[in-house]
Ligand SMILES: [Mn+2]
């Protein structure tokens, strides 16, 4: 039903502008660029744009468009992979005529004239691939590559629990197209020498608690020493999950403002309610939060310990 209504909206608008969340990951970009490809290839004479800040480390995914505010007049705006409006990259999303949300995060802030949220989907890219699959839409290999990259990104290369039979089936369907899955997967795990050195630091200095919580605080001073920015720390977030007895973990990155960006991950206990209590949110097993100071970081760590303790009981 949703995609039927979306198709009607697309037919009714000449311009379609697609947004996604700030600090994009491959699913944000894959669902955004993939959807743009689908519209271009299946709906005639549409002006389709993708907006938001470009990220150097994800340049292999593709480039954003630079557009004037005037493009938003009578436009259909579609936001992918973004649970709440403060996280939408490029605040002009309100300037269009019609707004649509497509996402797989818990629906903490419903927005849009229509929305489609499926928290069981591994990724927004998977939800969009399902549309292509069911309606036998035409896509190019580049669109298939974008959607595949999104699925691979959000499932940790088919590692996480969200990877379902349907995920594999749709990924398999995308593999019919001519692109190199190996190239994508290498692009995702390839890190700079500086990030590799930071990985070494994280493994050496990670703190462990008896409840199975691991955590580390990365100061601005340390990031400067390694020549890294906050963005570059994305590659080390999954590291603690590969260490025995660790069931949930937090990576706390000091920002130039002195506040802390908190990346929370889990293999069991739900941690998104903790993120929500600290200016954040996300999935039960992968969330983000913000702490005003080191004392708040400590509070978050103690909440992680409690969550881990309750889970084990
Ligand atoms: Mn996603």
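Numbering (our numbering), first residue to last: 1423 to 1735. Just so you know, even glycine gets a beta-carbon here, dropped at the ideal spot from N, CA and C. Remember, predicted model here, so these are calculated numbers, not experimental data.
Contact holds between the segment 1437-1445 and the segment 1500-1520, because three or more Cβ pairs, one in each stretch, are under 8 Å apart.
A straight-line Cα-Cα distance of about 21 Å links residue 1574 and residue 1617. In this structure, residue 1541 has its beta carbon at no less than 7 Å from each heavy atom of ligand 1. Linking residue 1657 to residue 1664 through their CA atoms gives a straight-line distance of about 13 Å.
For residue 1713, the uninterrupted beta strand (DSSP E) run begins and ends at 1708-1713, by DSSP. In terms of Cα proximity to residue 1511, the closest of 1447, 1541, 1526 and 1689 is 1447. Secondary structure at residue 1621: helix, using DSSP grouped into helix, strand and coil. The segment 1484-1556 is shown to contain whole beta strand (DSSP E) runs of 3 or more residues at 1498-1502, 1520-1525 and 1536-1539, in chain order.
Burial is judged here by how many other beta carbons sit within 10 angstroms of a residue's own beta carbon; residue 1570 has at least 16 and is buried. The distance from the Cβ of residue 1544 to that of residue 1586 is about 7 Å, consistent with a contact at the 8 Å cut-off. In the DSSP annotation of this structure, residue 1437 is not part of any alpha helix (DSSP H); the continuous beta strand (DSSP E) holding it starts and ends at 1437-1441. Between ligand 1 and residue 1511, a heavy atom-to-CB distance of less than 7 Å is absent. Here residue 1574 carries a helix assignment [DSSP, helix/strand/coil]. Residue 1652 has its alpha-carbon roughly 13 Å from the corresponding atom of residue 1478. Secondary structure at residue 1595: helix, using DSSP grouped into helix, strand and coil. The C-alpha of residue 1499 is placed about 36 Å away from the C-alpha of residue 1670.
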